[in-house]
Every structure is written in C-alpha cells, then in structure tokens.
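In what follows, a structure is listed as structure tokens, so that the remarks can point back to it.
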Amino acid sequence: MSKVWFVTGASSGIGAGVVRAALEAGERVVATARNVEKLRSAIGEQAGDRLAFLPLDVTKEEQAQQAVAAAVEKFGRIDVLVNNAGYSLIGNLESLTSAQIEQQFATNFYGVLYVLRAALPVMRRQRSGRIFNVSSMAGVIGYATAGAYAATKFAVEGLSLSVAQEVERFGIKVTVVEPGFFRTDLLAPQSVVFGDLAVEGYDAPAAVKAQWQGYHHNQSGDPAKLGKALVRLAGMETPPKQFFAGSDAVSGIAADLEARLAEVRAHKDLSVSTDGDFQGPAGSPS
C-alpha cells in the first residue's frame, strides 16, 4: 500500500522536489505551504486524488495541528513527515536585530517543533512512521555570517537526535537531513533576509550580501535528486539518524568531524581530569 507523505515548505526547492519524487513513486502526498496558489502552480494537479494541498504557516502551532488533522481526515494516516519549511538569515551576528533572530527561530526551529508535535501522536497510534527533519550542513559545522541560521539548524539537530531515541519504541524512525548547497530559492529575495546594521571592523553588509547572492543558482545540489533520495531512505528498514546530502556536505562535514576528533584526543587528559571522586551513579550530562 502506498505511503502518505506530509511535506512542509513544499512550494519550491527541496520541498517541491520531495513532493514530486513521492508522487512519481506512487505515494500519496499532503503538500503544505503558506501560499496554496503558489503551491498548486509549482506542483500541478496531475496526481489527482493522491495529492492534497493545505495552507500552513509553521510558526502557528494551531495551524500545524489543523493541517495534520486535515491530512489524517483525507488519507487516514501519515507515514512520512518531511519538516522542510525554512528561510535564511544572513549577516554577522552584530549586524542582525533581536527581532530578526527571534523570527528565524520561529520558522526554522519552532516550525519544525510544532509540526513534529502535531504529527507524533498520529504516528504513535499507528506504531510506525518516518520523520525527516531538514537541517543543513550549517547545522553541523556552522558558517561565518550565517550564525543565527546555523543556530536554528543546530537546534533541529539536537531535537531530532533526542526525539529519535524517545520514539523508536513506537516504530518511528527519525532522520535529520543535512544538505549542503542546493540549487533552491533559499537565497532568492523572497527566501532570505540580510542584516543591514553596519558594525565597525566587520565586512560591510552590502559586501556580505553580494558574497551570498553570488552562490544563488550556482549551487551543486539538485533538489529533485534529494527528493528521490528521501523516497529511498523512507523505504529502508534502518535509515540513518543523520543523512549528509551533497558532495560538499559529505566532504565538509567529514573534515569537520575529523578535526573535532583530533581536538578530543589532543585535550583528552585535561578533559578526563575534570571527573570527580564521587560515589554513586554517573553518566548523565550536567
């Protein structure tokens, strides 16, 4: 029997790639975005009753609950959740306003959280489900001038890896997806916010903006191929807890992990010297 997919941020980029790949595989899909007309235009309606469009602003928890309920009413279940909605906030940390950073977390982290919390009871009752939370290469290694964006993605990483342990007993598998640079609209004007506060000693905001805009539509990753990869992962009995997507993600993250391991080894003696001479159970993080 075909699976039911629930995809956020489905009107372009990775989200649209996932929707198309799932439909091509014969699956049923609930595609969501803030603008349903844009969503319909991007995806088309050739899939007939295997495809449903729903409005969803992921920053609104009540909307997340309503969208999940509507999906279940339409198809009876949710087998695969793809938490993809997000946007970029670019600029040196001091060039950003607190309001900009709070809004970045509202979409990129709390949006993931709200949809996840809405879908988990459905999957828990089913005793099955696959969850793909879309993070970023920046959520593993960080990037200068993308610190706020990276912080939201690091938060998605921690949430995903922890929840994976909590829900495994229910037959639910969680994979956090870490794409490198993909040829999406993430750096298009409608999908990116640039900090514009000039701060002494940093590159001018205009220079930072020009640097990042130079990447737009020059990225190596193909959203259509990533969509097909997620379809394959959804069919695996034991999917990875982390999936590095794109050659740049694989090489960049591997190099970063090797550097971290070298630091662990270099400072091992000092690290273990902080253990106390206490009696009793140990092993929980402070």
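Residue numbers for the sequence shown follow the numbering used here, so the first one is 291 and each next one is one higher.
In this text, a Cβ means the ideal position worked out from N, Cα and C, and glycines have one as well.
Bear in mind that the values here come from a model prediction, so they are computed numbers and not experimental data.
Element boundaries [alpha helix (DSSP H), containing Pro469]: Your numbering for residue 469 matches position 179 in the sequence shown. Annotation: Pro469 is outside any alpha helix (DSSP H); the continuous beta strand (DSSP E) that includes it extends over Ile462 to Pro469.
Pull up the CB-CB distance for Val467 and Ala535, whole angstroms please, since I reckon it's below 8 Å. Mapped onto the sequence shown, residue 467 falls at position 177. Mapped onto the sequence shown, residue 535 falls at position 245. Separation of the CB atoms of Val467 and Ala535 is rounded to 6 Å, and the pair is thereby assigned contact status at 8 Å.
Given 8 Å, three or more beta-carbon pairs between the segment 435-448 and the segment 390-400: By the Cβ test, the segment 435-448 is in contact with the segment 390-400, since at least three Cβ pairs between them sit closer than 8 Å.
Residues near Leu451 in its chain [Cβ-Cβ closer than 7 Å; skip 5 each side]: Your numbering for residue 451 matches position 161 in the sequence shown. The beta carbon of Leu451 sits closer than 7 Å to the beta carbons of Val466 and Lys531 from its chain, once the five residues preceding and following it are set aside; these are given in chain order.
Span of the beta strand (DSSP E), counted from its first residue to its last, around Arg318: Locating residue 318 in the sequence shown gives position 28, counting from the first residue. Arg318: member of the beta strand (DSSP E) spanning Arg318 to Ala323, first to last residue.
Specify the secondary structure class of Ser388 as computed by DSSP and reduced to three states. Looking up residue 388 in the sequence shown gives position 98. Helix, per DSSP.
Tell me which residues share the same chain as Glu384 and place their Cβ nearer than 6 Å to its Cβ, disregarding the 5 neighbours each side in the sequence. Here residue 384 refers to the residue found at position 94 of the sequence shown. Only Val489 meet the Cβ criterion.
What number of angstroms, rounded off, separates the C-alpha of Val498 from the C-alpha of Ala434? Within the sequence shown, numbered from 1, the residue matching residue 498 stands at position 208. Within the sequence shown, numbered from 1, the residue matching residue 434 stands at position 144. Distance between the alpha carbons of Val498 and Ala434: 10 Å.
Kindly list the residues whose CB is nearer than 6 Å to the CB of Val309, restricted to its own chain and excluding five residues on each side of it in sequence; keep chain order. Numbered from 1 along the sequence shown, position 19 holds the residue referred to as residue 309. Taking Val309 as the centre and dropping the five residues before and after it, the same chain places the C-beta of Val297, Ala300, Val319, Ala321 and Ile333 closer than 6 Å to its C-beta, in chain order.
Among Gly381, Asp339, Val562 and Phe343, which one has its Cα closest to the Cα of Gly437? Locating residue 437 in the sequence shown gives position 147, where the first residue counts as 1. Answer by Cα proximity: Gly381.
If you drop the 5 nearest sequence neighbours on each side, which residues of the same chain put their C-beta closer than 7 Å to that of Ala454? Counting from one through the sequence shown, the residue named residue 454 turns up at place 164. The answer, listed in chain order, is Val464 and Lys531.
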